[in-house]
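The structure appears below as structure tokens.
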Amino acid sequence: MAKPSKQSAVEKDAVFIYSDDLLNYRFSEDHPFNQKRLQLTLDLLKFSGAITESDIVPPRLATDEELNLIHDSSYIEAVKMAGKGELSKEKAENFGLGTEDTPIFKDMHEASARLVGGTLTAVDLVMEGKALHALNLGGGLHHGFRGKASGFCIYNDSSVAIRYMQEKYNARVLYVDTDAHHGDGVQWSFYDDPTSCTLSLHETGRYLFPGTGAVNERGHGKGYGCAFNIPLDAFTEDESFLEAYERAFREVIEFFKPDVILTQNGADAHCLDPLTHLSSTMRIYEEIPKLAHELAHEYCGGKWIAVGGGGYDIWRVVPRAWSRVWMEMNGRYPESGDLPEEWLTKWQPASPVPLIKTWQDPDGIYQKIPRKKEISEKNAQTLEKALYPLQKSKNQG
Ligand SMILES: [Zn+2]
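Counting from 197, one number per residue, gives the positions in the sequence shown under this note's numbering.
Next comes the structure, spelled out in structure tokens:
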């Protein structure tokens, strides 16, 4: 039996944003972005006894005015028309719609506004003090731009939420993104803004979409010094990933001193993910929310909103990884190292691959490569470079 995680002595009032409406965000039958993972995760939590109906709050629909906090009106109109089949191919292309990555689907505006509304529902509950933590796994669409869809993302719920928290609650927001892809949409939305701060830890853009997220992307104008990027080498393993994550998060939060933390919890850094090249295991998905939780209490009176993101092994990886975020939020950890038998029995017939039966990954889940030491050293150097300005300001007192 695997050792259950240590319990943190904190409140349990966390909310889980969900309704089946979130599943309507679906490009096509065989598109890798598949919100069925929300259903699989919720089911795993239910069978684990980690969630009850009273923990669940349905997502509202974001209004046009709210989407407009980030997105151009012309883009919102285009998404609406596309969803009704009324947008010409030519116009669609200008907005990044109808591409292989981000195809057009029926009622795509409503489905996308629901994901944003879910994150805003989470935000209001936390900022109004009705919950300490809130989780919207349907959100985390970090590649959405002001006037353009990109990388499976139409509206950028995190960007809208950050602007919304700034305007409605006058809040300083720290955004921490551990998706394997760079959180470009969010970074560029706030690149010149010193009242928010973005930290993205991702696989280097050398071989991976979207190609950005280098250490020297640090912000612009007044926002210079408020964007942080840690591009990790392909085949990075747990230890090196966690070392970078922990040090960067601690130093950045100490520097920025936010009122609230928004974490993007893409689960595509796992070694089984079909779209990326990192060698992480379930260990990072236990540790990532643990530190966010600890620091939310240390710096923000507990205010922590978490969203989902990437994650393309929806059977073996995402449900286990995302369950850990919720379990960390409400303090109900697995009672044994094994996944509930009922969940495995229910979903194995639908899964194209054998499900993993334990919360932690079995040994030998990825092929170790001889360059491990080199990769870890390279990542350590990257980390130094990324955090160098903080060292400098510390030394100057
Ligand atoms: Zn991703």
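Quick reminder that beta carbons are idealized off the backbone N, C-alpha and C, glycines included. Values in this document were obtained by computation on a predicted structure and should not be read as measured data.
Check: What span of residues does the alpha helix (DSSP H) with L331 cover, start to end?; Outcome: Run containing L331: none in the alpha helix (DSSP H); it sits in the beta strand (DSSP E), 329–332.
Check: Give me the residue from S475, G421, W384 with the minimum Cα distance to P390.; Outcome: G421
Check: How many Å lie between A318 and P536 at the Cα?; Outcome: 28 Å
Check: Pick out whichever of E490, Y214, Q563, T472 has its Cα sitting closest to the Cα of L257.; Outcome: Y214
Check: Taking the alpha carbon of I484 as the reference point, which residue from A517, N575, T259, V211 has its own alpha carbon closest?; Outcome: A517
Check: Return the CA-CA distance between Q556 and T477, expressed in angstroms with no decimal places.; Outcome: 8 Å
Check: Does DSSP put H473 in a helix, a strand or coil?; Outcome: coil
Check: Excluding the 5 residues flanking S204 on each side, which residues of the same chain have their C-beta closer than 6 Å to its C-beta?; Outcome: Because the pLDDT of S204 is 40, which lies under 50, any placement of that residue in the model is unreliable, and the question is left without a value.
Check: Can L238 and Y351 be called in contact, C-beta distance under 8 Å?; Outcome: no
Check: Straight-line CA distance for G281 to P299?; Outcome: 12 Å
Check: If you follow the alpha helix (DSSP H) that W500 is part of, which residue opens it and which one closes it?; Outcome: Unbroken run through W500 is the beta strand (DSSP E), 500–503; no alpha helix (DSSP H).
Check: To test your reading of the DSSP string, which unbroken beta strand (DSSP E) runs of 3 or more residues are found completely within the segment 405–444?; Outcome: 423–428
Check: Apart from the five residues just before and just after V448, which ones in its own chain have a Cβ nearer than 6 Å to its Cβ?; Outcome: L395, F424
Check: When we look at the beta-carbon of V549 and count the other beta-carbons within 10 Å, is it buried (16 or more) or exposed?; Outcome: exposed
Check: Run the CB neighbour count on R512, radius 10 Å, all protein chains shown included, and call it buried at 16 or more, exposed below.; Outcome: buried
Check: Under DSSP, the beta strand (DSSP E) around L316 begins and ends at which residues?; Outcome: Per DSSP, L316 belongs to no beta strand (DSSP E); it is in the alpha helix (DSSP H), 304–323.
Check: Smallest Cα separation from E306: which of S284, P255, G294, E296?; Outcome: P255
Check: In the DSSP assignment, what residue or residues form a beta bridge with L458?; Outcome: Y371, I501
Check: For E573, count neighbouring C-beta atoms within 10 Å of its own C-beta (all shown protein chains included) and say buried if the count is 16 or more, exposed if not.; Outcome: exposed
Check: Can you tell me which of K344, G343, R443, Q235 puts its alpha carbon nearest to the alpha carbon of K581?; Outcome: R443
Check: Give me the DSSP bridge partner(s) of H227.; Outcome: For H227, which the question treats as bridged, DSSP gives no partner whatsoever.
Check: Looking only at its chain, what residues have a beta carbon closer than 7 Å to the beta carbon of D387, apart from the 5 residues adjacent to it on each side?; Outcome: One detail in the question is off: residue 387 reads as Tyr in this sequence, not Asp. Here the set comprises G415, H416, G419, A423.
Check: The alpha helix (DSSP H) that contains S385, what's its start and end?; Outcome: 380–385
Check: The alpha helix (DSSP H) that contains A376, what's its start and end?; Outcome: Looking at the DSSP string, A376 is not in any alpha helix (DSSP H), and its letter there is neither H nor E.
Check: Indicate the three-state DSSP secondary structure (helix, strand or coil) for V513 in the structure shown.; Outcome: coil
Check: Figure out for me which residue from N290, V372, D303 has the closest Cα to the Cα of L458.; Outcome: V372
Check: Please classify D534 as buried or exposed, where buried requires at least 16 other C-beta atoms within 10 Å of its C-beta.; Outcome: exposed
Check: Could you check if S308 is buried or exposed, using at least 16 other CB atoms within 10 Å of its CB as the buried criterion?; Outcome: buried
Check: In this structure, how does DSSP classify T248 when only helix, strand and coil are distinguished?; Outcome: coil
Check: Heavy atom of ligand 1 less than 7 Å from the Cβ of A517, yes or no?; Outcome: no
Check: I need the straight-line Cα distance from V253 to A488, nearest angstrom please.; Outcome: 22 Å
Check: Given 8 Å as the limit, is there contact between the segment 326–335 and the segment 269–276, that is, 3 or more CB pairs closer than that?; Outcome: no
Check: Taking the alpha-carbon positions, what's the L468 to D509 distance?; Outcome: 7 Å
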